[in-house]
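Quick note, the sequence shown lines up with residues 692 to 941 if you use this note's numbering.
Note that CB positions come from ideal geometry on N, CA and C, so glycine has one too.
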Amino acid sequence: MLSKTFPMIAVMILALALAMACERSEKGEADKDEDEGAAVPAATTTSTQQQVALPAGKAATYNFDSASPGNLPSNFASARTGEGDMGRWAILSDNTAPSKPNVLAQTSTDGTDYRFPIAVLNDGVFKDLELSVKFKPVNGSVDEAGGLVFRYRDENNYYVVRANALENNYRLYHVVNGRREQFADANITVTPKQWHELKVVCVGNQITCFFDGNQLIQATDDTFNDAGRVGMWTKADSVTYFDNFTVTPK
């Protein structure tokens, strides 16, 4: 009787050992997959934060003159806050351009009021910076505006300073979860169909804004303290030309 029982017990013990080994192996593979999946966002975040290639004080200027006429250059991306058309950004020839022959133009005339097309630079992220652009308000009946975007996280979270030729004012906003809030402004004359210069210097929570070389806004704000992208901005049906977009890390 015992001689028959021992082989059966041995078989049962062997089967149990094999089952436990398989379970450990499967758990190890599952843990490995879970770890690899969790590592992807961290790697992506690190890569994004390391895209700042410019040393402090070294400027990068985008004058669009070597780009082929047509669509948005490959190192920019189109974005939009609000509703309506995404915006139509294109390289155009303009014989009045500060740097001839080309400009970057937003040409969509969608008059949706709460619509803000943005051309976002993909070449890096910047925290403390000097950012400037030449812009020409060409047309628009709802708005005739051009602006600079900085510390941009996404299309719904960023700073923007803009000048408006219909309203003759210069305003600084933070955009949080897609909603604009103005926190500084100045009254100016913005002549349509003429070139003007926008410039912003942002260091820490101090933001200084210039228009045509004149300092008009000095503000303090802590909404966005991290590095972000930069770009050019318009509103509603504004047809606006941009040239000599320049970013200098501080």
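With 16 or more other CB atoms across the displayed protein chains lying within 10 angstroms of its CB, Gly-922 is buried. Put simply, of Tyr-850, Ser-832 and Pro-792 the residue whose alpha carbon is nearest the alpha carbon of Val-811 is Tyr-850.
Excluding its 5 nearest sequence neighbours in each direction, Asn-878 has C-beta neighbours in its own chain below 8 Å: Asn-859, Asn-860 and Tyr-861, listed in chain order. DSSP, reduced to helix, strand and coil, places Trp-780 within a strand of the structure shown. Every beta strand (DSSP E) stretch that sits fully inside the region 835-887 and reaches 3 residues is listed by chain position as 836-845, 848-855, 860-867 and 870-878. Residue environment analysis places Ser-757 among the exposed positions, since fewer than 16 neighbouring C-beta atoms fall within 10 angstroms of its C-beta. Beta-bridge pairing by DSSP links Glu-821 to Val-892 and Thr-939.
By the C-beta density criterion, Arg-870 is exposed, having fewer than 16 other C-beta atoms within 10 angstroms.
Beta-bridge partners of Ser-769 (DSSP): Ala-810. Leu-820 is the residue among Phe-902, Leu-820, Ser-832 and Trp-886 whose C-alpha sits nearest the C-alpha of Val-938. Under the three-state reduction of DSSP output, Val-833 falls in the coil class, being neither helix nor strand.
DSSP, read as helix, strand or coil, puts Phe-755 in coil. Pro-883 and Tyr-932 have their C-alpha atoms spaced approximately 11 Å apart.
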